[in-house]
Amino acid sequence: MDLGIRGKKAIVCASSKGLGRGCAIALAEAGCDLVVNGRNADQLAKTAAELRERFGVEVTEIVGDVSKPEVQKALLAACPDPDILINNNGGPPLRDFRELDREKILEGVTQNMVTPVELVQAVIDGMAERGFGRIVNITSLSVYVPIPGLDLSSGARAGLTSFLAGVARTVIDRNVTINNMLPGKLDTDRLRPPHEAGTPEDPAAAAARKAQAAVNIPAKRLGTPEEFGQICAFLCSVHAGYLTGQNIPVDGGLYVSAF
Numbered sequence: 028m029d030l031g032i033r034g035k036k037a038i039v040c041a042s043s044k045g046l047g048r049g050c051a052i053a054l055a056e057a058g059c060d061l062v063v064n065g066r067n068a069d070q071l072a073k074t075a076a077e078l079r080e081r082f083g084v085e086v087t088e089i090v091g092d093v094s095k096p097e098v099q100k101a102l103l104a105a106c107p108d109p110d111i112l113i114n115n116n117g118g119p120p121l122r123d124f125r126e127l128d129r130e131k132i133l134e135g136v137t138q139n140m141v142t143p144v145e146l147v148q149a150v151i152d153g154m155a156e157r158g159f160g161r162i163v164n165i166t167s168l169s170v171y172v173p174i175p176g177l178d179l180s181s182g183a184r185a186g187l188t189s190f191l192a193g194v195a196r197t198v199i200d201r202n203v204t205i206n207n208m209l210p211g212k213l214d215t216d217r218l219r220p221p222h223e224a225g226t227p228e229d230p231a232a233a234a235a236r237k238a239q240a241a242v243n244i245p246a247k248r249l250g251t252p253e254e255f256g257q258i259c260a261f262l263c264s265v266h267a268g269y270l271t272g273q274n275i276p277v278d279g280g281l282y283v284s285a286f
């Protein structure tokens, strides 16, 4: 399917690896020029080089934590009038809520609520004026199914969801949509035990780990960043202009609900 977004400009946050990288690949395949971002300069450069080589699109690299105001400014300076914004960021680590102090709580809320709201504020009016905009927020299935120990992540992402639900309805008449993708268990580093970055995993151990993680998933497998990215790209397409303010679980059927 031609997504109708060739030549569009996209900012993809936290896109050097994992789900953000999957989204960047799919958007590059659709013909978008990209601004990509990550904390690890080497990993980001590797991803950017791959995107240029495979798809022949323009790719600008912005290194740093997207939660930092200076990094946000750099992203927007590199692409002041984006057509597409993919909000993504790492979440707080698994931790009993009793261990959270005020500083950690504020840091988690900044990462997973404040930062995406700030970026939406920066780009939404320009999108509306130009008559095209697609904003996709990568949140988590824990918005629907809270996970003990990830309470801060769940709360911050749920706050973002509610915050933007109303905003989404104010701009769809100008062809700007805001939707959320809720990943379940996908095959990213987040599901691997602690390891040194870039360390390959023993194939047999990897297969056993993935099989165990997938036991309760109706699809009986983990999702991939690449298929996650393709769903993201569709939400950014010209075909998705009548879809806004929605939460899309990407979880292989793990979240059980008829509505």
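So my numbering is basically just the index in the sequence shown, starting at one, shifted up by 27.
No residue lacks a Cβ here, since even glycine has one placed at the ideal position from N, Cα and C.
Only a predicted model underlies this, so the values are computations on that prediction, with no experimental measurement involved.
May I ask you to report which of helix, strand or coil DSSP gives Gly47?
Gly47 falls in the helix class under three-state DSSP.
When Gly45, Val203, Lys212 and Asp123 are compared against Leu112, the one with the closest alpha-carbon:
Residue Val203 is the option with its Cα nearest to Leu112.
Within the same chain, show all residues whose beta-carbon is closer than 6 Å to that of Ala155, passing over the 5 residues directly before and after it, in chain order.
Val198, Arg201 and Val203
Which residue wins for smallest C-alpha separation from Asn206, given the options Arg217, Val194, Leu213 and Thr215?
For Asn206, the nearest C-alpha among the options comes from Val194.
Rounded to whole angstroms, what is the Cα-Cα separation between Gly135 and Ala41?
16 Å
Close Cβ partners of Gln273 (< 8 Å) along its chain, the five nearest in sequence each way excluded
The residues are Asn206 and Asn207.
How do the segment 97-116 and the segment 32-46 stand: do at least 3 beta-carbon pairs fall below 8 Å, yes or no?
Touching, per the Cβ criterion.
Consult DSSP for Ile52 and reduce its assignment to one of helix, strand or coil.
helix
Going by DSSP, what residues sit across from Val277 in a beta bridge?
Pro210
Bridge partners for Asn64 per DSSP, in chain order?
Ile89
If you pair each beta-carbon of the segment 58-69 with each one of the segment 167-180, do three or more pairs fall below 8 Å?
no
Between the Cα of Asn164 and the Cα atoms of Met28, Leu262, Leu30 and Asp128, which residue gives the shortest distance?
It is Leu262.
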